[in-house]
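Have a look at the structure below before the remarks.
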Amino acid sequence: MRAKQQLKITMVVLLALLLLTYEFGNARCLPNHDDYSVDLQALLGFKQGITSDQNGALSNWNTSTQFCRWNSVNCSQARPWRVTGLNLTRKSLSGQISSSLGNLTFLRKLLLRDNNFYGPIPLLNDLQHLEVLNLNQNRLHGIIPDGLGNCSSLMALALSNNNLTGMIPPTIGNLSSLLGLDLSQTNLAGIIPEALGKIATLQIVDLSENQLKGPIPNEFWQL
Ligand SMILES: *[C@@H]1O[C@H](CO)[C@@H](O)[C@H](O)[C@H]1NC(C)=O
Ligand SMILES: *[C@@H]1O[C@H](CO)[C@@H](O)[C@H](O)[C@H]1NC(C)=O
Ligand SMILES: *[C@@H]1O[C@H](CO)[C@@H](O)[C@H](O)[C@H]1NC(C)=O
Ligand SMILES: *[C@@H]1O[C@H](CO)[C@@H](O)[C@H](O)[C@H]1NC(C)=O
Ligand SMILES: *[C@@H]1O[C@H](CO)[C@@H](O)[C@H](O)[C@H]1NC(C)=O
Ligand SMILES: *[C@@H]1O[C@H](CO)[C@@H](O)[C@H](O)[C@H]1NC(C)=O
Ligand SMILES: *[C@@H]1O[C@H](CO)[C@@H](O)[C@H](O)[C@H]1NC(C)=O
């Protein structure tokens, strides 16, 4: 009888300890391995899409080093260490831009201009903090994804000098913080969406050398 009661008490104590460690395990002061591994997988997924890296821009992109120390990667200054910037401007990179980058939910700047990226523009729908997206001067094909209109913090969007198809998606008009838009020399067709002219913050727009038709929205004359 006594032994049974002691067992019961031991079990209650064990349960309490378990609950305690569970609570501590969830506390914010411990690194969140899930978020860490999402960013790691996203960067490794991007590296997998690269077919040529003549200058070794990604030469230290391997798991022997924490990814915040990898070349061209910026992270937040405090925990949780998340990727906030990627600047691979003019690195002679060739390959496709993996949509795994769309999992870098803390990303603010994505700068991949002046490379040889081909294939589609990656899907970045969930990047609520993305402020600058520069994919100028590559060989990207296909449409501008509707989902770009969901990157609500975008201030600069630059896709010039690529070989895109289709039209400017009206969802771009949802980018209410946009200051600069460069879609020149992208082969885009169709009409200029009226919604673009309604972005009050817009200061610089370059839509030159495309197949765009129809009227320039009146609002543009007031920029
Ligand atoms: C991994 O990166 C380190 C530099 O951080 C480099 O010295 C090493 O050669 C790399 N290893 C591989 C297998 O690429
Ligand atoms: C990376 O961090 C440096 C230093 O804080 C900053 O000057 C630079 O603009 C950042 N670049 C990107 C792409 O985030
Ligand atoms: C990105 O890299 C390019 C080329 O190295 C450099 O000129 C530019 O200042 C960098 N921009 C940011 C915001 O880090
Ligand atoms: C984004 O991350 C999730 C898991 O966190 C994964 O299942 C998914 O495949 C990733 N998306 C891409 C495009 O890599
Ligand atoms: C954009 O956001 C809206 C509202 O949050 C959502 O309904 C829609 O599915 C999103 N679009 C994409 C392509 O993610
Ligand atoms: C651009 O893409 C179209 C097909 O989408 C193709 O016919 C054309 O040759 C491409 N132009 C260049 C300069 O690559
Ligand atoms: C984005 O824009 C589209 C088309 O202009 C509109 O139908 C949609 O409701 C907007 N979505 C959000 C989340 O504002």
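Counting from 1 along the sequence shown, just add 72 to a position and that's the residue number in my numbering. A virtual CB, placed ideally from N, CA and C, is assigned to each residue, including glycine. Everything numeric in this text was worked out from a predicted model, so none of it was measured.
- In the DSSP assignment, residue 168 falls within the unbroken beta strand (DSSP E) covering 165–168.
- Residue range 122–125 is occupied by the beta strand (DSSP E) that includes residue 124.
- The criterion of a C-beta distance shorter than 8 Å is satisfied by residue 260 and residue 284.
- Taking the CA atoms as reference points, residue 111 sits about 43 Å from residue 290.
- About 11 Å separates the beta carbons of residue 233 and residue 206, which is beyond the 8 Å limit, so they are not a contact pair.
- Ligand 7 has a heavy atom closer than 7 Å to the beta-carbon of residue 243.
- Contact between residue 223 and residue 196 holds, with the beta-carbon distance rounding to 6 Å and staying under 8 Å.
- For residue 272, no beta strand (DSSP E) run applies, since DSSP gives it neither H nor E.
- Residue pairing by DSSP places residue 213 opposite 192, 235 in a beta bridge.
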